[in-house]
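Comments concern the structure below.
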Amino acid sequence: MIVSPGSRPRLAPRARLRLDRLTGQTVLLYPERGLVLNTIGQAVLELCAADHTVEDIVTVLNQRYTGDQARVRAEVLTFLQQLADRGLLEERAQ
Numbered sequence: 739m740i741v742s743p744g745s746r747p748r749l750a751p752r753a754r755l756r757l758d759r760l761t762g763q764t765v766l767l768y769p770e771r772g773l774v775l776n777t778i779g780q781a782v783l784e785l786c787a788a789d790h791t792v793e794d795i796v797t798v799l800n801q802r803y804t805g806d807q808a809r810v811r812a813e814v815l816t817f818l819q820q821l822a823d824r825g826l827l828e829e830r831a832q
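In structure tokens:
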């Protein structure tokens with residue numbers, strides 16, 4: 739999957755978001771691995787679950803955290819592409 743501003747990413751069936759009871763942090767779990775998410779990573783993946791495009795996600799993050807939209811877009815695209823390259827994201831059918 740190539741992630742672009744118009745993509746509608748969602749978590750692949752083999753990946754799940756879970757709250758770690760010990761640390762209180764959100765973790766992205768996938769077979770035999772886990773990735774502890776920071777607040778922004780958690781927000782991005784929660785927005786993926788709500789059928790947003792990447793550009794929608796960038797807009798929401800800019801409203802919440804007031805940042806440079808071009809930089810936020812680049813960072814979101816990079817983060818999502820890294821997850822897609824690991825097989826943890828797929829394109830939502832339109």
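Numbering of the sequence shown is given in our numbering, commencing with residue 739 and proceeding in unit increments.
Just so it is clear, CB atoms sit at the ideal spot from N, CA and C, and this is done for glycine as well.
- No Cβ-Cβ contact shorter than 9 Å links leucine 767 with arginine 759.
- With respect to the 9 Å criterion, arginine 756 and threonine 764 are classified as neighbours on the basis of their beta carbons.
- Among the bridge pairs identified by DSSP, arginine 754 is matched with Leu767.
- The criterion of a C-beta distance shorter than 9 Å is satisfied by leucine 775 and leucine 783.
- Assignment of alpha helix (DSSP H) within the region 770 to 813, counting only whole runs of 4 or more residues, yields 777 to 786, 792 to 803 in chain order.
- Residue environment: isoleucine 740 is assigned as exposed (fewer than 16 neighbouring CB atoms within 10 Å of its CB, all protein chains considered).
- Per DSSP, reduced to three states, the secondary structure at leucine 760 is coil, with no helix or strand assignment.
- Shortest Cα-Cα distance from proline 743 to any of Gly825, Thr761, Val810, Thr777 involves Val810.
- Burial check for proline 747: the Cβ neighbour count within 10 Å reaches 16 or more, so the residue is buried.
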